[in-house]
Amino acid sequence: MLWSKRFAVVLRTTYMDDINLHYRFLNWRRRIREIREVRAVRYRERLKRMLREGDILRYHGNSDEVGCFVAARPLLRRNRYFEVTIIDTGVRGMIAVGLVPQLYKLDHQPGWLPHSVAFHADDGKLYNGNTVGQQLGPKCCRGDRIGCGVSLDSDDGQLTVFFTKNGKEVGSVDILASPDALFPAVGMHSLGEEVLLDLNAEWGMEEDDGQMIVDSHEEDWGRLHDIKVTGTLLEYVGKGKSIVDVGLAQARRPLNTRFHYYELEITDAGEKCYIALGLARRDYPKNRHPGWSRGSIAYHADDGKLFQGSGVGDAFGPRCFEGDVMGCGIMFPRDYSLDGGDDWDLDVIPKPSEVQNDLYANNEDEEDEGEDLEGRKVTVFFTRNGKVVGRREVALPVGGLYPTIGMMSTGEKVRVDLHPLSG
894 MLWSKRFAVV LRTTYMDDIN LHYRFLNWRR RIREIREVRA VRYRERLKRM LREGDILRYH
954 GNSDEVGCFV AARPLLRRNR YFEVTIIDTG VRGMIAVGLV PQLYKLDHQP GWLPHSVAFH
1014 ADDGKLYNGN TVGQQLGPKC CRGDRIGCGV SLDSDDGQLT VFFTKNGKEV GSVDILASPD
1074 ALFPAVGMHS LGEEVLLDLN AEWGMEEDDG QMIVDSHEED WGRLHDIKVT GTLLEYVGKG
1134 KSIVDVGLAQ ARRPLNTRFH YYELEITDAG EKCYIALGLA RRDYPKNRHP GWSRGSIAYH
1194 ADDGKLFQGS GVGDAFGPRC FEGDVMGCGI MFPRDYSLDG GDDWDLDVIP KPSEVQNDLY
1254 ANNEDEEDEG EDLEGRKVTV FFTRNGKVVG RREVALPVGG LYPTIGMMST GEKVRVDLHP
1314 LSG
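Its first residue numbered 894, the sequence shown is counted upward by one per residue in my numbering.
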């Protein structure tokens, strides 16, 4: 009987311990949930008059009111830099990139209110807690990357905020703030504005020249006129007003038996899709669409015509639009060789440091005389979305035929692969 009573006491004690443990577990789970809810509120991105789809931010207002985005987390020591790539400048290009407090008023551009700082793309000015800016760098347009970060060697209580454009630092400012109190922010203020946000961008310097490590692919091109290169993307930045406002990009090396074909994808047809893909001699005039002058042949996207050394084209294939892939190549004869008479003097090709970029230097127009165009006959072919459109026989100029791309209306962009069949 005594043993039974003792056993009952033990069972009751064990039961009560289980009950207490259960309630402790429930309290623990509730506490964890509360902590998570607090953190969710604390680290929640804020945006107004903006739409976010993945990493894309778009202005969603009526141009009378500012739209603003504030990231969920501040800049930290391990993540001290972010970037924004301008996809579309919209009506006025009033895009701002900078740092703001977490509870920043979303109807103001970053940099306008106290304790915020920002670089504005439309005027290249720095706004540091004031609606009046100071000139810091150049204006920015479509395709430009604007970066913002903080220096690691900042003193206590004072922070150095720096800004970059296309991987190059344009300026910095010292402010009284702690990095964990500043959140990445993007502002917009006109219809059509759109950017690509990269909150995990990395900022690193090469020891040799102090420039950011960027694979610009500009070394692939021997000549650039009114064309901007961003990686494999080519963008027309000319006036687009008349037939002399051609933007031209010519590859550094001609097609050969190893690399005999290249392609482009139309990523933005622009206003009129005046995009031409073809081949041209090395000294082809910069203000002439490929195919218009001697020593060139090109397939034009806007009308589907083939131009071969003439301003009058022949019906050739279908028109091309945004998303289409156009290709051009050479079918060399079986007995063709780079030896002897067929050798191309590659020594005359400009070195990478000698790239001619007429976007930044106004060179005199080339004479449309050209080199001796009599040479061995080869077959040039064109493709659209992987299917052959047609072929033409042409004479191979001295030095060979170079991949050449022309554009002529505002907003045109293409992505180029000079070696799609390699490997």
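Even for Gly, the Cβ is constructed at its ideal location relative to N, Cα and C.
> Going by the CB atoms, is the gap between A1144 and P1296 shorter than 9 Å?
Replying inline: yes
>> Could you give the first and the last residue of the continuous beta strand (DSSP E) run that contains D1196?
In response: No beta strand (DSSP E) contains D1196, which DSSP labels as neither H nor E.
> Thinking C-alpha only, which one of A1173, I1120, N1059, G1133 is nearest R1146?
Replying inline: A1173
> Among D1067, V977, G1133, which one has its Cα closest to the Cα of C1166?
Replying inline: G1133
> Which residue from L1089, N1093, A1142, S1135 puts its Cα closest to that of E1112?
Replying inline: A1142
> Exposed or buried, which one is D860 when buried takes at least 16 other CB atoms within 10 Å?
Replying inline: With the chain represented from 894 up to 1316, any question about residue 860 goes unanswered, as that position is not in the structure.
>> So the candidates are E1087, H1153, I1298; which of them puts its Cα closest to the Cα of A1191?
In response: I1298
> Hey, is the stretch 963 to 972 in contact with the stretch 1064 to 1081, meaning 3+ C-beta pairs nearer than 8 Å?
Replying inline: yes
> Exposed or buried, which one is R937 when buried takes at least 16 other CB atoms within 10 Å?
Replying inline: exposed
> Which same chain residues, not among the five before or five after I1223, have their C-beta less than 6 Å away from its C-beta?
Replying inline: L1148, H1153, V1271, V1273
> Should G1293 be labelled buried (16 or more other beta-carbon atoms within 10 Å of its own) or exposed?
Replying inline: buried
> Do you know offhand how far N1180's Cα is from L1126's?
Replying inline: 20 Å
> Under a Cβ-count criterion, where at least 16 other Cβ atoms within 10 Å of its own Cβ denotes burial, should D948 be classed as buried or exposed?
Replying inline: exposed
>> Check for me: the beta strand (DSSP E) holding W1114 runs from which residue to which?
In response: 1114 to 1118
> What three-state label does DSSP hand P1072 in the structure shown?
Replying inline: helix
> Hey, E1305 and D1161 are a contact pair by Cβ (cut 8 Å); roughly how many whole angstroms apart?
Replying inline: 6 Å
> Would R1038 pass as a contact of E976 if the rule is Cβ separation under 9 Å?
Replying inline: yes
>> Measuring alpha carbon to alpha carbon, tell me which residue in R1277, N1021, H1082, F1056 is nearest T982.
In response: H1082
> In chain order, what residues of the same chain have a beta carbon less than 7 Å from the beta carbon of T1053, not counting five sequence neighbours either side?
Replying inline: V1043, S1044, S1047, S1065, D1067
> Where does N1021 sit, in a helix, a strand or coil, going by DSSP?
Replying inline: strand
> Applying the criterion that 16 or more other CB atoms from any shown protein chain within 10 Å of the CB defines a buried residue, is F1012 buried or exposed?
Replying inline: buried
>> Looking at the strands, I want to know which residues DSSP matches up with L992.
In response: V1010, P1077
> Which residues bound the beta strand (DSSP E) around T1057?
Replying inline: 1052 to 1058
> Rounded to a whole number of angstroms, what is the C-alpha to C-alpha distance between T1303 and H1312?
Replying inline: 27 Å
>> By the three-class DSSP mapping on this structure, what secondary structure does M943 have?
In response: strand
> Measuring CA to CA, which of L968, I980, G1140 is closest to S1071?
Replying inline: L968
> For P1243, does the count of other Cβ atoms within 10 angstroms reach 16, so buried, or fall short, so exposed?
Replying inline: Confidence at P1243 is low in this model, with a pLDDT of 39, below 50, so the placement of that residue should be treated as unreliable; the coordinate-derived value is given next. Burial call: exposed.
> So does the stretch 1277 to 1285 actually touch the stretch 1194 to 1212, counting three or more Cβ pairs closer than 8 Å?
Replying inline: yes
> Is the beta carbon of E1087 less than 9 Å from the beta carbon of I979?
Replying inline: yes
> Of the choices Y997, F1225, H953, whose alpha-carbon is the least far from that of R1269?
Replying inline: F1225
> Can you tell which of N1023, V1130, K1032, G1004 has its C-alpha closest to the C-alpha of D1015?
Replying inline: K1032
> So which of D1000, G1220, E1128 has the shortest CA-CA distance to M1300?
Replying inline: E1128
> Closest to F1209 by CA distance: which of G1197, H1001, M1219 is it?
Replying inline: G1197
> Is G1292 helix, strand or coil by DSSP?
Replying inline: coil
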